[in-house]
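Visitor:
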Amino acid sequence: KQEVTQIPAALSVPEGENLVLNCSFTDSAIYNLQWFRQDPGKGLTSLLLIQSSQREQTSGRLNASLDKSSGRSTLYIAASQPGDSATYLCAVGNRDDKIIFGKGTRLHILP
Amino acid sequence: SQTIHQWPATLVQPVGSPLSLECTVEGTSNPNLYWYRQAAGRGLQLLFYSVGIGQISSEVPQNLSASRPQDRQFILSSKKLLLSDSGFYLCAWSPNLNTEAFFGQGTRLTVV
Chain A
55 KQEVTQIPAA LSVPEGENLV LNCSFTDSAI YNLQWFRQDP GKGLTSLLLI QSSQREQTSG
115 RLNASLDKSS GRSTLYIAAS QPGDSATYLC AVGNRDDKII FGKGTRLHIL P
Chain B
488 SQTIHQWPAT LVQPVGSPLS LECTVEGTSN PNLYWYRQAA GRGLQLLFYS VGIGQISSEV
548 PQNLSASRPQ DRQFILSSKK LLLSDSGFYL CAWSPNLNTE AFFGQGTRLT VV
């Protein structure tokens, strides 16, 4: 059974700093891994999708990496801004058609 | 372009009442469809997923059921709500497993 873990559960950093969010999964038989952002009381916004054959994806200040063999992914946020404050969720697309989420990292950027 | 509609946005229901949440997707065909629940302070729990009409897989035993009467329509139901059914319900779709998943705006359900 696929399990997805995100560390840390919460993180506060001063504005302008670079930061890394971590995601690990137990079953490496995945199709892809996706990072989402969730603002309080809202739905999920897709940030980056990494296919199982890829090592990383970049979008603006965001860079996501994937090491499928070790079951790890990281989301790197450069030059953090107060608007980056949100919960970040990692999800893996399993080969059994399920999409399994971690519990997320609550990020707070201090102005 | 593809869009996903989920309604209602908020719902307050008494214990023992029925529930019907609807999710529809436009601009695609034969999508994978998903229902998730997010309880306060917890992660997203996969409730049901469907890879085609009439094909529903349930993840956890519970007081809820799902149906897919049309290709792009996914309905979450309950005959009698429990207090523990309160939460934030999210519908999602993806073209197939190799592509992005897209989420609706969610329904905040409070059972009183």
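Chains A and B are the protein sequences, given in the same order.
So for the first sequence, my numbering puts the first residue at 55; every next one is plus one.
So for the second sequence, my numbering puts the first residue at 488; every next one is plus one.
Cβ atoms here follow ideal geometry from the backbone N, Cα and C, with glycine treated the same way.
1. In this structure, how does DSSP classify residue 5(A) when only helix, strand and coil are distinguished?
2. Go to residue 132(A), then tell me how far its beta strand (DSSP E) extends in each direction, as first and last residue.
3. Along chain A, which residues have their Cβ under 8 Å away from the Cβ of residue 589(B)?
4. What is the residue span of the beta strand (DSSP E) that residue 74(A) lies within?
5. Can you name, in chain order, every residue of its own chain whose Cβ lies under 8 Å from the Cβ of residue 505(B), other than the five neighbours on each side?
6. Contact defined as beta carbons within less than 8 Å: I believe residue 9(A) pairs with residue 148(A). What is the distance between those atoms, to the nearest angstrom?
7. Would you check if the distance between the CB atom of residue 525(B) and the CB atom of residue 591(B) is smaller than 8 Å?
8. Consult DSSP for residue 569(B) and reduce its assignment to one of helix, strand or coil.
9. So, at 6 Å on beta carbons, what are the nonlocal neighbours of residue 122(A) in its own chain, with the 5 sequence-adjacent residues on each side left out?
10. According to the neighbour-count rule (16 or more other Cβ atoms, all chains shown, within 10 Å of its Cβ), is residue 497(B) buried or exposed?
11. Answer with buried or exposed for residue 555(B), where buried requires no fewer than 16 other C-beta atoms within 10 angstroms of its C-beta.
12. Looking only at its own chain, which residues have a Cβ that is under 8 Å from the Cβ of residue 532(B), when we skip the five neighbours before and after it?
13. Residues in its own chain within less than 6 Å of residue 78(A) by CB, not counting five upstream and five downstream?
14. In chain A, which residues lie less than 9 Å from residue 555(B) when you measure between Cβ atoms?
15. Taking DSSP as the reference, what is the three-state secondary structure of residue 556(B)?
16. Going by Cα to Cα distance, which pick from 519(B), 530(B) and 529(B) is closest to residue 536(B)?
Guide: Reading from the atomic positions:
1. Any property of residue 5(A) remains undetermined from this structure, which presents chain A solely from 55 to 165.
2. Start at 1 with the first residue of the first sequence, and residue 132(A) comes out as number 78. Premise fails: residue 132(A) is in no beta strand (DSSP E) and is neither H nor E.
3. Counting from 1 along the second sequence, the entry for residue 589(B) is found at position 102. Those are 100, listed as they occur along chain A.
4. In the first sequence, the residue the question calls residue 74(A) occupies position 20. For residue 74(A), the enclosing beta strand (DSSP E) starts and ends at 73-79.
5. Counting from one through the second sequence, the residue named residue 505(B) turns up at place 18. Only 564, 565, 566, 567 and 568 meet the Cβ criterion.
6. For chain A, the structure presents residues 55 to 165; residue 9(A) sits outside this window and is missing.
7. Residue numbering aside, residue 525(B) sits at position 38 when the second sequence is read from its first letter. Residue numbering aside, residue 591(B) sits at position 104 when the second sequence is read from its first letter. Taking a C-beta distance under 8 Å as the contact criterion, residue 525(B) and residue 591(B) do not qualify as a contact pair.
8. Along the second sequence, read from residue 1 onward, the residue named residue 569(B) stands at position 82. Three-state DSSP puts residue 569(B) in coil, outside helix and strand.
9. Your numbering for residue 122(A) matches position 68 in the first sequence. Hits under 6 Å: 82 and 106.
10. Residue numbering aside, residue 497(B) sits at position 10 when the second sequence is read from its first letter. The residue is exposed, with fewer than 16 neighbouring Cβ atoms inside 10 Å.
11. Against the second sequence, residue 555(B) aligns to sequence position 68. By the 16-neighbour rule on beta-carbons within 10 angstroms, residue 555(B) is buried.
12. Mapped onto the second sequence, residue 532(B) falls at position 45. Closer than 8 Å at the Cβ level, and outside the excluded window around residue 532(B), lie 523, 524, 525, 526, 546 and 547.
13. Sequence index remark: in the first sequence, residue 78(A) carries index 24 (1-based). Cβ-Cβ distances below 6 Å link residue 78(A) to 59, 125 and 126 in the same chain, with the five nearest sequence neighbours on each side left out; the list follows chain order.
14. Counted from its first residue, the second sequence places residue 555(B) at position 68. Going along chain A, no residue has its Cβ under 9 Å from residue 555(B), so there is no contact; the nearest lies around 14 Å.
15. The residue you call residue 556(B) lines up with position 69 of the second sequence. Note: residue 556(B) maps to strand in three-state DSSP.
16. By one-based count along the second sequence, residue 536(B) stands at place 49. Closest by alpha carbon: 519(B).
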